[in-house]
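Please read the structure below before turning to the comments.
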Amino acid sequence: MSFRAGFEETWRAVLTSRTLVSTMLLAVVLYAFYYPAPYAHETAQRVPVLVVDQEDSGLTREVLRDLAATRGVRIVDTVADMPSATARMRAGEADGIILLSRGVTRSLLTGAPGGGVGVWVKAAYLLRASAIGEGVSAALAGAAEHRLGSAARAFGLRTPVRVIQEPLFNTSAGYKDYVFPAVASVILQQTLLFGVATFFAGRREQGAPPMRRAAFFGAWAAMTLLGVFAGFFYFGFIFWLQDVPRGGNVPALLLTVPLFAAAVAALGLFLGGLFDRSERAMAVLVPTSVPLFFLTGSAWPLDQMPAWLAALAHLVPSTLAVHIFVPLNQMGARLSDVAGMTMLLAGEVLLYGALAGWLLTRRSDTNPR
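Taking UniProt numbering, the leading residue of the sequence shown gets 1, the next gets one more, and so forth.
See below:
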């Protein structure tokens with residue numbers, strides 16, 4: 001079988017198989033809208049909190065007014081003491097407790113110890129905890145600026161310096177804009193990997209003979225092209241539609257996206273040749289999605305992982321892809337900035353391509369197809 005015949009047969013098999021169409025085409029489109037949907041608001045809003053105001057002073061009341069005006073926090077009630085607030089939070093009435101202790105005004109105005117602000121949150125909801133903390137910080141900063149600014153002007157001093165924070169790349173400081181660009185690489189890998197492995201495991205299940213080398217390269221090229229289409233669909237149309245921050249180094253993407261698709265397709269070819277049934281391939285590979293996301297370094301930095309685990313992570317195309325595509329798409333990086341990861345990705349293309357070629361074409365001289 002020639003290169004062209006292998007290419008065309010692979011595309012025909014994909015387009016005529018309900019399983020492959022669902023896995024490699026429909027799933028790509030579905031996840032592009034399904035995954036970002038829960039994070040459309042970007043940040044947690046109206047998080048319910050209980051307040052314990054032990055001082056009940058003008059400053060603490062000002063803080064609570066400012067806090068109630070923020071989008072991130074919704075004050076459910078003001079409670080007399082911490083035990084009552086803790087009991088109500090455990091009962092599910094709120095996700096956090098804000099304590100304004102006695103002496104907080106004196107501490108804020110003079111710097112004397114003894115007073116302060118405490119925040120207790122349910123640790124299961126990190127985004128909500130962050131929203132509560134940001135709301136309290138903003139309210140305290142506003143009250144402090146108002147009080148200290150008035151005092152400073154009374155003595156003929158300048159207003160205290162204001163610190164303005166401007167996000168550099170994730171301009172909305174939202175969760176979707178942070179996580180979706182990284183998850184996109186995992187989605188692109190897994191949908192392509194599942195489909196390729198399922199297809200070639202099914203081929204083995206049907207007793208198909210080994211492929212000629214030309215047919216193997218044709219099949220690999222067909223699967224790679226499918227991955228390239230999916231990659232540019234995400235990095236072009238979907239990132240624009242979802243309003244994800246994007247710099248768009250298109251020339252660099254024209255090189256790196258095909259490399260990524262080729263590496264994933266080659267890995268899928270190799271794994272598919274190891275499984276004896278298509279169902280087994282899917283059953284084994286589906287549970288890997290979450291661990292592979294953590295191995296990208298998006299949830300926890302790679303350099304803070306054990307050395308052996310970080311090295312293992314670099315054998316996965318999606319890990320390299322995150323460290324290539326996020327800088328190129330969101331951070332305005334040049335190709336030279338991601339040259340190291342790109343070289344590793346090219347190495348994976350050669351490694352997995354050689355393994356897949358050896359596995360799927362051996363004995364081709366005795367029983368060609």
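Beta carbons: idealized from backbone N, C-alpha and C, even for Gly.
Given a threshold of 16 other Cβ atoms within 10 Å of its Cβ, counted over all protein chains shown, does residue 198 qualify as buried or as exposed? buried
Using a Cβ-Cβ cut-off of 6 Å (strictly less than) and excluding sequence neighbours within five positions of residue 338, which residues of its own chain qualify? 324 and 327
For residue 99, collect the residues of the same chain with a Cβ closer than 6 Å to its Cβ; drop the 5 residues on either side in sequence, then sort them by chain order. 52 and 118
4 or more residues per run - each alpha helix (DSSP H) lying fully within the segment 41-86: 58-69
At least 3 beta-carbon pairs within less than 8 Å: the segment 180-195 vs the segment 23-30: yes
Under 8 Å, with one C-beta from each stretch per pair, do the segment 298-306 and the segment 204-217 reach the 3-pair mark? no
Could you tell me the alpha carbon to alpha carbon distance between residue 202 and residue 277, rounded to whole angstroms? 6 Å
For residue 204, does the count of other Cβ atoms within 10 angstroms reach 16, so buried, or fall short, so exposed? buried
Per DSSP, what kind of secondary structure is residue 120 in: helix, strand or coil? strand
Tell me whether the segment 4-16 and the segment 218-228 touch, counting them as touching only if at least three CB pairs, one residue from each stretch, are closer than 8 Å. yes
Tell me the rounded alpha-carbon separation between residue 85 and residue 72. 20 Å
Taking residue 346 as the reference, give the member of 288, 358, 265 and 284 with the closest Cα. 265
How would you write the range of the beta strand (DSSP E) that residue 268 sits in, first residue to last? Looking at the DSSP string, residue 268 is not in any beta strand (DSSP E); the run it does join, the alpha helix (DSSP H), is 250-274.
How would you call residue 262, buried or exposed, if buried means at least 16 neighbouring beta carbons within 10 angstroms? buried
Cα-Cα, which of 218, 75 and 349 is closest to residue 318? 349
For residue 101, which residues of its own chain have a beta-carbon under 6 Å away from its beta-carbon, when the five flanking residues on both sides are left out? 54, 115 and 116
In terms of residues, what are the limits of the beta strand (DSSP E) holding residue 99? 96-100
So residue 268 and residue 192 are supposed to be a Cβ contact under 8 Å. How far apart are they, rounded? 7 Å
What span of residues does the alpha helix (DSSP H) with residue 234 cover, start to end? Counting along the chain, residue 234 falls outside any alpha helix (DSSP H), and DSSP gives it neither H nor E.
Helix, strand or coil: how does DSSP classify residue 328 here? helix
Any idea what DSSP makes of residue 295, helix, strand or coil? coil
Run through DSSP, which three-state label would residue 30 get? helix
Determine the burial state of residue 45: buried for a count of at least 16 other Cβ atoms within 10 Å of its Cβ, exposed for fewer. exposed
Assuming residue 3 contacts residue 248 (C-beta within less than 8 Å), just tell me the rounded distance between them. The pair is not a contact, with the Cβ atoms about 33 Å apart (cut-off 8 Å).
Per DSSP, what kind of secondary structure is residue 209 in: helix, strand or coil? coil
For residue 313, count neighbouring C-beta atoms within 10 Å of its own C-beta (all shown protein chains included) and say buried if the count is 16 or more, exposed if not. buried
Between which residues of its own chain and residue 24 is the CB-CB distance below 7 Å, once the five residues before and five after are set aside? 14, 191, 192, 195 and 226
Measuring alpha carbon to alpha carbon, tell me which of 105, 90 and 91 ends up nearest residue 58. 105
Rounded to the nearest angstrom, how far is the Cβ of residue 270 from that of residue 359, given a contact under 8 Å? 6 Å
Where does the unbroken alpha helix (DSSP H) through residue 346 begin, and where does it stop? 339-361
If you reduce the DSSP assignment to three classes, tell me which class residue 196 lands in. helix
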